[in-house]
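According to my numbering, the stretch in the sequence shown is residues 1 to 467, in order.
Where a beta carbon is used, it is the ideal one built from N, C-alpha and C, also for glycine.
Input: a single structure, listed below in structure tokens.
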Amino acid sequence: MDAAQKKFIRMTTEPVNKLVCQLAVPTIISMLVTSLYNMVDTFFVGQVGTEATAGVGLIFPVMTIIQAFGFYFGQGSGNFISRALGARKNQEAEIMSATSFICSLLFGCFLMVVGFIFKPQILTLLGASTAKVSPATVAYADDYLTLILIGAPFMGTSFVLNNQLRFQGNAIFSMIGLVVGAVINCVLDPLFIFGFHMEVTGAALATIISQFISFCLLYIATLKSDSMKIRLRNFRLGFYWQKGIFMAGAPSLFRQGLASFATLALNSAAAIGADPAMADAAIAAFSVVGKVMMFAFSALLGFGQGFQPVCGYNYGAKKYDRVRNSFTFCLKVGGACLLALSILGFIFAEPVISLFRDDPNVIAIGTIAMRWQCCTFPLMTVVACTNMLYQNIGRVVGATLLAVARQGLMFIPVVLILPHLFEQPIMGVYLAQPAADLFAFALAAPLAVSMYRELKKLEKDLNKAEE
1 MDAAQKKFIR
11 MTTEPVNKLV
21 CQLAVPTIIS
31 MLVTSLYNMV
41 DTFFVGQVGT
51 EATAGVGLIF
61 PVMTIIQAFG
71 FYFGQGSGNF
81 ISRALGARKN
91 QEAEIMSATS
101 FICSLLFGCF
111 LMVVGFIFKP
121 QILTLLGAST
131 AKVSPATVAY
141 ADDYLTLILI
151 GAPFMGTSFV
161 LNNQLRFQGN
171 AIFSMIGLVV
181 GAVINCVLDP
191 LFIFGFHMEV
201 TGAALATIIS
211 QFISFCLLYI
221 ATLKSDSMKI
231 RLRNFRLGFY
241 WQKGIFMAGA
251 PSLFRQGLAS
261 FATLALNSAA
271 AIGADPAMAD
281 AAIAAFSVVG
291 KVMMFAFSAL
301 LGFGQGFQPV
311 CGYNYGAKKY
321 DRVRNSFTFC
331 LKVGGACLLA
341 LSILGFIFAE
351 PVISLFRDDP
361 NVIAIGTIAM
371 RWQCCTFPLM
381 TVVACTNMLY
391 QNIGRVVGAT
401 LLAVARQGLM
411 FIPVVLILPH
421 LFEQPIMGVY
431 LAQPAADLFA
441 FALAAPLAVS
451 MYRELKKLEK
461 DLNKAEE
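What follows is the structure, given as structure tokens:
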């Protein structure tokens, strides 16, 4: 029995709760490490000054765009690969691996070139032209953006390799690649920022070097894979392969892409809503809160990503009861974890924010914002897990709707409207994310119930057909 056959048997017969947990441990670590890249930069840059933290916060939407296309090719190909392996179409899985890898690398180069050509316009779009933003913040943002653009091809493609390894059940390999990169980033950040006195430029340089090393390690891991060795001869540009990427990758693209615009809108609202003297502090505070909450949310995403290959394999193998049971398990465990993290976050909001910046204004604004977000944070379990279910079984419309709900469809209009409804506009900014979370949950809950019932019906119909 070859390795692919053994993996198929394991993914379709082992108890789903045990299987999801086994796959979730390395993916949780991988997701936490991915968030750690930004957290580490935020921590060390925070030691430089409030303007430096704000400058890096302004560039975060660009990094989100790079990640968006990385997740588009990675999630799109990964979902296709897991379903193909579940249906025992190993050759198609290998073709998709090469196609999405090369497409991502080429598109990353395109983003780099376009970014350098239009860099002044991008900085303006990101809010650097806002009157309340200091010249020092703009200068830091320019320095950080320059190096991030250079690393774009490898940053985006690392997400592709990570997702492909994970979706075929090789989460350990993906974890190793990301963890090594994160450790290197943690070492290089203080060395470049303080040892070589490079400040924000040093943080960006540390990030792209560590991302490049992760890229190399993840690529080496694919050479040891039993079903997705990347070979140039397998590259295809045909409609069938691009459609396969789009069907499962579009939700991730829209989710991450709109998250970029949401961050841009949040930075603008924070700068405008705060007192004129506190614009930089407000941008810095919401940047820190966003990265802290994303770090906590990464634990849920990592656990859900342990569910994704189980879902893909078993849906491809028409084992609908296993898909349904694993989905229910994720909702229970994920909800309990986010509730615990929310309680801790509410209690310890002030000391957490003060770890990143000792500016009293940043701490005051960040503490209030983080506590409000913790109030609705557990509801995101239903939104995230339902989105993953729809995405993995190829329901692109529902998956895309859920993907854009929280940080796009709901958040952007809310953060633009709410500040105008309060005497103190900053209060509207505080409430924007909790309000968006409530709306997203109201959308996701009925979709989760509907898909649960559909899976039960598919299971019943299959049983009747086999009788």
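Cβ neighbours of residue i in the same chain (closer than 6 Å, five flanking residues each side left out)
i    : result
Y72  : G249, S252, L253
Q31  : Contrary to the premise, residue 31 reads as Met rather than Gln in this sequence. Within the same chain, M31 has close Cβ partners S298, L301, G302.
A68  : L253, Q256, G257
R371 : F346, A349
F43  : F356
L401 : none
A432 : V414, V415, L418
Assumed close pair residue i, residue j - CB separation to whole angstroms, cut-off 8 Å
i    : j    : result
V160 : S77  : 7 Å
Y313 : G74  : Not really, about 18 Å apart at Cβ, beyond 8 Å.
L503 : A182 : Residue 503 cannot be examined here, being either before or after the span of the chain that is shown, 1 to 467.
D189 : D41  : 7 Å
F411 : A262 : 5 Å
V16  : R322 : 5 Å
Span of the alpha helix (DSSP H), counted from its first residue to its last, around residue i
i    : result
K457 : 425-466
M410 : Segment: none, M410 is in no alpha helix (DSSP H) and carries neither H nor E.
Q121 : 119-123
F73  : 50-86
L165 : 152-167
L401 : 396-404
Best match in the options for proximity to residue i [C-alpha to C-alpha]
i    : options                : result
I150 : I172, R236, M63, L402  : M63
T124 : L111, L58, M155        : L58
M247 : V397, S104, T146, D321 : V397
A269 : L355, Q424, L218       : Q424
G55  : N162, P135, L409       : P135
F295 : S82, F377, F239        : F377
D142 : F154, I122, G156       : I122
Y140 : D358, G316, D280       : D280
N163 : V415, A364, C375, N79  : N79
S214 : L223, N185, K224, E199 : N185
I283 : E14, F8, F60, V48      : F60
L105 : Y144, T157, V45        : T157
I245 : P153, C109, G70        : G70
A399 : R406, N387, F110       : N387
Same chain only: Cβ atoms within 7 Å of residue i, ignoring 5 sequence neighbours per side
i    : result
F116 : L149
K460 : none
L389 : C311, F327, M451
I28  : A299, G302, F303
I81  : A93, M96, S97, Q164, F167, Q168, M228
T50  : D280, A281, A284, R357, D359, V362
Cutoff 8 Å; reference residue i; Cβ partners in own chain excluding five residues on either side
i    : result
A131 : Only weak support exists for where A131 lies, its pLDDT of 46 falling under 50; the coordinates are left without a value.
I382 : Sequence check: residue 382 is Val here, not Ile. L331, G335, F441, A444, A445, A448.
V33  : M175, L178, V179, G181, A182
L421 : G428
F286 : G57, L266, N267, A270, I365, G366, A369, V429
Below-9 Å beta-carbon distance, residue i vs any chain D residue
i    : result
Q211 : Going by chain labels, chain D is absent from the structure shown, which holds only one protein chain.
- [ ] Go through the stretch 171-227 residue by residue and report every complete run of the beta strand (DSSP E) that reaches 3 residues or more, in order.
- [x] none
TODO: Go through the stretch 312-391 residue by residue and report every complete run of the alpha helix (DSSP H) that reaches 4 residues or more, in order.
DONE: 320-347, 349-356, 360-376
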